[in-house]
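Protein sequence lines, in the order shown, are assigned to chains A and B. Just so we're aligned, residue 130 is where the first sequence starts under the numbering used here, counting upward by one. Just so we're aligned, residue 114 is where the second sequence starts under the numbering used here, counting upward by one. One structure is given here, and the rest of the page talks about it.
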Amino acid sequence: MARVLVVDDDQALSEMLGIVLRAEGFDALFCDDGSKAQGIFNEAKPDLVLLDLMLPGIDGIEVCRKIRAESGVPIVMLTARGDTLDIVKGLESGADDYIVKPFKPKELVARIKARLRKEDAKSESLIIGDLSIDVIGHSVKRDGKDISLTPLEFDLLLALARKPWQVYTREQLLTDVWHYRNPADTRLVNVHIQRLRSKVEHDPENPEIVMTVRGVGYKAGP
Amino acid sequence: MKYFYQFKQAWNKSLSLRIIATTFAVSTVLVTIIGLVLVNRVSSGILTSKESSSITEASSAINEAQRVVVATDTGAGAPTLSVVVDTAVTALAVRAGQSGLYDVLFLASPEISKQGLPERGTNLVAENSVNDELKSRVALTDKLLWSYTKIIYLDGRSVPGLVVGAPIKINNVGTYSLFLLFPLDKEEETIGIIRSSVLATGIFLIFGLLILVWYLTRSVLAPVRKTANAAERLRMGLLNERVPVSGEDDLAKLAGSFNSMAASIQQQIGQLEKMSRMQKRFVSDVSHELRTPLTTVRMAADVLYESRDQYTGETARAAELLSTQIERFEILLSQLLEISRFDAGAADLSLTNVNIKNVIEKTAESLSNLLARQETPVVITGHAPDIEMDQRRIERVLRNLISNASEYGAGKPIEVEIGSDDDAIAIVVRDKGPGLKPGESSLVFNRFWRADPARARTTGGTGLGLAIALEDARLHSGWIDAWGAPGKGTMFRLTLPRVAQTAITKSPLPLGTGEDEKLEFDMSALQELFNVDTKSEN
């Protein structure tokens with residue numbers, strides 16, 4: 130049973146989220162204060178974090194950054210503002226996905242399940258540029274040294290590496306990696322490609338592994 | 114021709130060129146007139162005094178000649194005619210002196226000249242220095258006659274001069290004509306000097322004037338230009354732009370007024386920005402405060418709705434109503450927030466280069482459920498070049514127009530036409546439903562306006578869709594207009610500039626059909642005329 134940590138200061142919403150999550154078979158934990166989130170996270174070791182951006186104590190973006198510094202656990206932001214700036218800031222601080230209030234319970238559950246879904250791992254080893262990817266071990270190595278990626282970043286790199294001949298559009302990546310069924314915000318892709326590049330590229334300004342194809346999308350490097 | 118246009122352009126553009134050219138033209142005309150009058154007056158004065166002194170001298174010289182002739186002729190042992198003539202000419206030459214005050218021609222009158230009579234002149238003066246007309250007139254008169262002439266010498270020289278002539282009677286022979294030729298070369302020289310100095314003065318004066326005018330224009334225009342530049346920078350948003358004020362003249366007043374205007378604009382813009390910020394903040398807060406409980410309610414409603422089978426009929430229906438109305442409430446809330454964002458000026462564009470046809474196809478695709486339910490096909494024709502637009506907003510506009518068309522289109526195909534010209538692209542969405550009634554085409558964009566209040570409530574529209582669509586178009590510096598006629602369907606036309614946020618005045622596609630279109634056009638032209646009039650009255 131997957132554990133979901135809900136970090137939100139609105140008690141009614143937290144309770145409602147608990148009801149919905151339990152109905153879907155998740156184990157829900159709660160935290161109503163940003164400053165306590167880190168402690169509860171370390172203690173409970175949840176499989177996923179639902180994080181409200183507006184929190185008393187320290188705000189959601191800071192919480193997100195702190196959790197991300199220690200763990201690759203999927204983080205889904207809850208935001209009441211559709212503002213571009215908030216969403217981009219949240220994604221840049223390490224969130225994997227976001228969902229704008231008010232949302233439908235089904236939509237939320239779908240997002241959570243997509244983030245928790247494990248690929249059917251086959252014993253497979255891929256090479257992309259000077260990186261080697263071990264699919265079962267969920268690890269990426271360069272010259273024998275591990276590069277630490279979040280599960281989402283790993284999935285993104287894996288998708289590109291599996292079909293090095295294919296140029297992925299942002300919409301395709303949203304479908305393949307985020308498992309969105311409807312067209313969604315392509316900024317998700319942009320932000321995460323940037324984060325991925327900052328980890329795997331020698332020089333993120335001149336990428337050699339995750340290449341941009343102008344006007345189309347991205348593809349794996351030669 | 115090309116240079117003429119270039120000049121005309123420069124002429125229209127440059128105030129200093131106009132002033133300098135005008136000054137040049139006017140001063141040249143004035144100086145020329147003054148110079149001509151001056152030279153004329155001076156030279157006629159010089160010539161008049163020379164003339165009167167010459168005539169005085171000539172009259173006494175001629176008297177003396179007559180006396181000499183008479184005296185010589187009546188002496189003892191009457192001398193030959195040539196001696197008489199010689200004596201007279203010599204006497205006159207002595208009288209004229211070494212300075213060459215005048216030269217003498219002593220000629221036989223025309224009627225006796227054929228007889229080989231002696232004629233004399235001094236200093237190689239040619240006989241044709243005196244014209245025939247004067248010669249014949251002198252022969253017939255007994256007075257002094259004079260005229261201007263050109264004195265010609267046998268060695269080829271010639272000088273301007275005054276010739277004074279009178280008849281001399283010689284006994285037994287007849288009338289001789291005596292001509293005294295006064296050279297005017299000195300006077301001519303003086304007049305030449307005066308003429309060239311007047312010319313030099315005139316040119317100097319004109320150039321001096323031009324330099325003065327150029328300097329004055331510059332000193333007046335420089336602050337004006339500076340102010341114009343400052344105004345331009347102010348327009349670009351540099352609200353701190355001011356011009357330096359020096360002195361207390363009109364230009365300083367201009368600079369001062371400009372500065373106070375800039376300060377007042379800056380203050381007002383600051384105030385507006387502050388209000389807009391507050392409004393933005395308020396909208397954002399309201400949004401947040403409303404959305405969190407709404408999320409809870411929405412989830413609760415969904416949970417109830419999912420388990421509605423467990424309730425009795427009416428409770429189950431209540432759960433259903435709760436769920437659908439919350440959805441409607443949500444849409445309404447988000448549209449209200451969107452509208453208030455427009456009102457606060459807080460809406461911004463995120464531009465990308467997009468092909469409109471793709472956007473339309475994508476929008477129709479996303480509406481495929483609705484379109485299938487209404488059994489309404491969408492026919493897309495035409496194409497347009499890629500333009501920069503906020504894809505999310507334009508998609509929203511198109512979704513609104515197409516879903517409206519399918520809702521009111523009575524199942525007939527929706528025609529979407531794309532067109533473009535050099536400045537703009539246009540999309541016309543047309544349904545063939547019952548159509549708008551006259552006068553409704555301007556009302557449809559009003560907030561919460563409904564064509565048929567009784568009907569629309571059931572279809573779930575919020576009444577804000579077209580108002581938001583219009584704002585979205587305006588944000589791109591484009592517009593949406595509508596046309597409809599009973600039985601002919603409804604048309605909505607979205608016009609967008611090809612270069613984002615540049616003003617456009619006409620749409621590449623027509624709105625309406627045939628005569629109605631023309632009527633519509635005339636009406637709007639009239640309306641515009643009316644608007645302009647009322648504006649100018651205010």
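Glycine included, every Cβ here is placed at the ideal spot set by N, Cα and C. In this text, all values refer to a predicted model and were calculated from it rather than measured experimentally.
Cross-chain neighbours of residue i in chain A, by beta carbon under 7 Å
i: B:S377; result: Ordered by position in chain A, no residue passes the 7 Å Cβ test against B:S377, which lies about 32 Å from the chain.
i: B:A413; result: M145
i: B:E443; result: P231
Best match in the options for proximity to residue i [C-alpha to C-alpha]
i: B:N244; options: B:A343, B:P231 and B:L258; result: B:L258
i: B:G315; options: B:L297, B:P621 and B:V144; result: B:V144
i: B:A221; options: B:G602, B:E232, B:T603 and B:E508; result: B:E232
i: B:A368; options: B:V333, B:E584 and B:V155; result: B:V333
i: B:S447; options: B:G458, B:L151 and B:S397; result: B:S397
i: B:I469; options: B:N372, B:A341 and B:R611; result: B:R611
i: B:M412; options: A:G168, A:E236, A:E199 and A:I338; result: A:E236
i: B:G350; options: B:A376, B:T330, B:K126 and B:S162; result: B:A376
i: B:T340; options: B:K366, B:G360, B:L325 and B:V541; result: B:K366
i: A:V345; options: A:L325, A:I148, A:T315 and A:V329; result: A:T315
i: B:V272; options: B:R505, B:G278, B:T262 and B:I281; result: B:T262
i: B:I444; options: B:L434, B:G576, B:M388 and B:V529; result: B:G576
i: B:I617; options: B:G625, B:I593, B:M604 and B:T603; result: B:I593
i: A:I190; options: A:A349, A:T208 and A:A173; result: A:T208
i: B:T69; options: B:S590, B:W562, B:V416 and B:K545; result: With chain B covering 114 to 651 only, the question about residue 69 of chain B has no answer from this structure.
i: B:I306; options: B:I132, B:V152 and B:A134; result: B:V152
i: B:E361; options: B:S370, B:E354, B:N353 and B:R355; result: B:S370
Residue i: contacting residues in chain B (beta-carbon distance under 7 Å)
i: A:F232; result: T408
i: A:I148; result: V416
i: A:M353; result: In the structure displayed, chain A extends from 130 to 351; residue 353 of chain A sits before or after that span and is not available.
beta-carbon residue i near the ligand GTP non-hydrogen atom, thresh 7 Å
i: A:A288; result: The ligand GTP is not among the ligands present in this structure, which contains no ligands whatsoever.
Listed by chain order, chain B residues near residue i by CB distance under 8 Å
i: A:A141; result: P406 and T409
Identified DSSP bridge partners for residue i
i: B:S156; result: DSSP lists no partner for B:S156.
i: A:G346; result: A:T298 and A:V342
i: B:W596; result: B:M604
i: B:V492; result: B:E528
i: B:K263; result: B:P273
i: A:E228; result: Before going further, note that residue 228 of chain A is Ile rather than Glu in the sequence given. Paired residues: A:L207.
i: A:C193; result: Per DSSP, none; premise fails for A:C193.
i: A:L255; result: A:I262
i: B:I500; result: B:V467
i: B:P610; result: B:A537
i: A:F159; result: A:V135
Under 8 Å between C-beta atoms of residue i and residue j
i: A:K242; j: B:R404; result: no
i: A:V205; j: A:R244; result: yes
i: B:D503; j: B:L462; result: yes
i: A:L177; j: A:V136; result: no
i: B:L318; j: B:A178; result: no
i: B:T409; j: A:L142; result: yes
i: B:S436; j: B:A414; result: yes
i: B:S519; j: B:I527; result: yes
i: B:I473; j: B:V529; result: yes
i: B:P621; j: B:D499; result: no
i: B:A457; j: B:S389; result: yes
i: B:P223; j: B:K256; result: no
i: B:R512; j: B:L480; result: yes
i: B:V217; j: B:T235; result: yes
i: B:A613; j: B:L434; result: no
i: B:L297; j: B:K163; result: yes
i: B:A586; j: B:L556; result: no
Under 9 Å from the C-beta of residue i: neighbouring residues of chain B
i: A:M183; result: H401 and T405
Check your understanding: Counting only runs that start and end within the stretch 169-212 of chain B, where is the alpha helix (DSSP H) found for 4 or more residues in a row?
Key -> 194-209, all fully within the stretch 169-212 of chain B.
Check your understanding: Can you list the alpha helix (DSSP H) stretches of 4 or more residues lying completely in the stretch 271-355 of chain B, in chain order?
Key -> You should have 298-348.
Review point. What are the complete alpha helix (DSSP H) segments, minimum 4 residues, inside the stretch 503-579 of chain B?
Key: Listed in chain order, the alpha helix (DSSP H) runs fully inside the stretch 503-579 of chain B are 504-521 and 566-572, counting runs of at least 4 residues.
Review point. At what residue ranges does the stretch 307-332 of chain A contain a whole run of the alpha helix (DSSP H), taking only runs of 4 or more?
Key: Here the runs fully enclosed are 316-329.
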